[in-house]
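Below you'll find the structure, written out as structure tokens, and then a few comments.
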Amino acid sequence: RRTWQQPIRDGRARHTSTTMSGGAAGDTSEFDAGTGSMPTPCVTPLGMDNVTFAVDSQGANALLRVTLAPNAVVVSESGAMVCHETSIQLEGKMHGGLKKAFGRSLLGGESFFQVRSTNNGQAPAQIVYAPRLPGDILVLKLDKEMPTVSIADSAFLASTTSVELGHKSQSLGKAVFGQGGVFVCNAKLAEGTTSGVVAIAAYGGLHSIELKDGAEYMVDNGHLVAWTCKYKIRKAAKSLISTAKTGEGFVCHCIGPGKVFFSSRNWEEFMKQVVKDAPSK
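Counting the sequence shown from 1 gives a position; our numbering is that position plus 90.
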């Protein structure tokens, strides 16, 4: 195990790559924007509400392994379950009621029904989840420092019951050129709770950038997975002609304070390449 860290300069973005793996204690790693290379990190699995989240098989084949204490509950995206012990019972629920379930499904890009998995046994039991696309999983802690996080379409995987999944609106420009449409999925602490855990997933590797107050950073809209900061839609270059030449189109201009979580791969660009390389009839 090792720790690798560069000094953080004022106004610079702090990059963090976090993976929870294998149930063993490990290290986190960070690097300053524009310097060094990213090592492979590993941190202790995150537990809360008698529920422990850990990520196995880091990378394209990542799995989320959740350990439930007796009577503990975990909420997950519909269709994400891979396997579980027999003491765990699954139940489809309109989490948060009809209005919020409708908002998540039609407006936030998630399933109408979510799955509540309860350990009805007398001993801890495990359930395993997998994301829809091949790629990494990141486990986030929500607390007073980060009470809410906006999540791109289909990036939500699972959470503790203290996390409420809903939706929030964004501008027309963000809807057309940004992430998530007019409404985006939003995970926040439920009323009366002080902490929670939410797991997100994306195509490719998952990394994060922490922006200090006033710090700015550009992220391609096809790579944006989750964020806690403000962002605006900007051209990739100064002019539309230059933007067209770059092939990047519009990007997300993120403004601190807050965090940005992004993927190393773009699913839409990958599918375009698949179609382009597919043999003609």
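Glycine included, C-beta positions come from ideal geometry on N, C-alpha and C.
Its chain contains Val-156, Thr-157, Leu-158, Ala-159, Ala-162, Val-163, Val-164, Thr-250, Val-287 as the residues whose beta carbon lies nearer than 8 Å to that of Val-141, once the 5 sequence neighbours on both sides are disregarded; these appear in chain order. Under the three-state reduction of DSSP, Glu-358 is assigned to helix.
Within the same chain, Phe-143, Leu-154, Val-156, Val-164, Val-165, Ser-166, Glu-167, Ala-170, Tyr-219, Val-288, Ala-289 come within 8 Å of Ala-248 by CB-CB distance, once the 5 residues on both sides are set aside. The beta carbon of Cys-319 sits closer than 7 Å to those of Leu-301, Cys-344, Ile-345, Gly-346, Pro-347, Gly-348, Lys-349, Val-350, all from its chain and outside the five residues before and after it, given in chain order.
Inclusion of Ala-277 and Ser-353 in the CB contact set at 9 Å is not warranted, their separation being larger than that value. By the Cβ-count criterion, Pro-221 is buried, with 16 or more other Cβ atoms from all chains shown falling within 10 Å of its own Cβ. For the pair Asp-233 and Ser-240, the Cα-to-Cα distance works out to about 15 Å. Apart from the 5 residues on each side of it in sequence, Ser-147 sits with its Cβ closer than 6 Å to the Cβ of Leu-153 in its chain, given in chain order. Taking 9 Å as the cut-off, the Cβ atoms of Leu-279 and Glu-254 count as close.
Take Ser-207, set aside five residues on each side of it, and the residues of its chain with a beta-carbon closer than 6 Å to its own are Val-164, Ile-178, Leu-180, Ile-217, in chain order.
With respect to Leu-223, Ser-252 sits apart: the two C-beta atoms are not nearer than 9 Å.
Counting along the chain, Lys-302 sits inside no beta strand (DSSP E), nor does DSSP assign it H or E at all. In this chain, the beta strand (DSSP E) harbouring Gly-286 covers 286 to 291.
Here DSSP, grouped into helix, strand and coil, assigns Asp-367 to helix. Annotated three-state conformation of Asn-276 is strand, per DSSP. Contact check for Val-341 against Val-309 passes: the beta carbons are separated by less than 9 Å. With a minimum length of 3 residues, the unbroken runs of beta strand (DSSP E) contained wholly in the region 219 to 246 fall at 227 to 232, 238 to 241.
A distance below 7 Å between beta-carbons, with the five flanking residues on each side excluded, links Ala-316 to the following residues of its chain, in chain order: Val-239, Ser-240, Ile-241, Ala-242, Ala-245, Ile-290, Phe-351. For Gln-212, the number of other beta carbons within 10 angstroms of its own is below 16, and it is reported as exposed. At a Cβ-Cβ threshold of 9 Å, Gly-294 and Arg-355 count as neighbours. Comparing alpha carbon positions, the residue from Asn-209, Glu-306, Phe-360, Leu-314 closest to His-297 is Leu-314. For Asn-209, the enclosing beta strand (DSSP E) begins and ends at 204 to 209. The three-state secondary structure of Asp-310, taken from DSSP, is strand. Taking each of Glu-175, Asp-226, Gly-182, Asn-209 in turn and checking the Cα distance to Gly-149, the smallest one comes out for Asp-226. Within the same chain, Cβ atoms closer than 6 Å to the Cβ of Pro-214 are found at Thr-157, Ala-159, the five residues on either side in sequence being excluded.
For the set Ile-323, Ser-285, Met-361, Lys-362, the Cα lying nearest the Cα of Leu-136 is the one of Ser-285.
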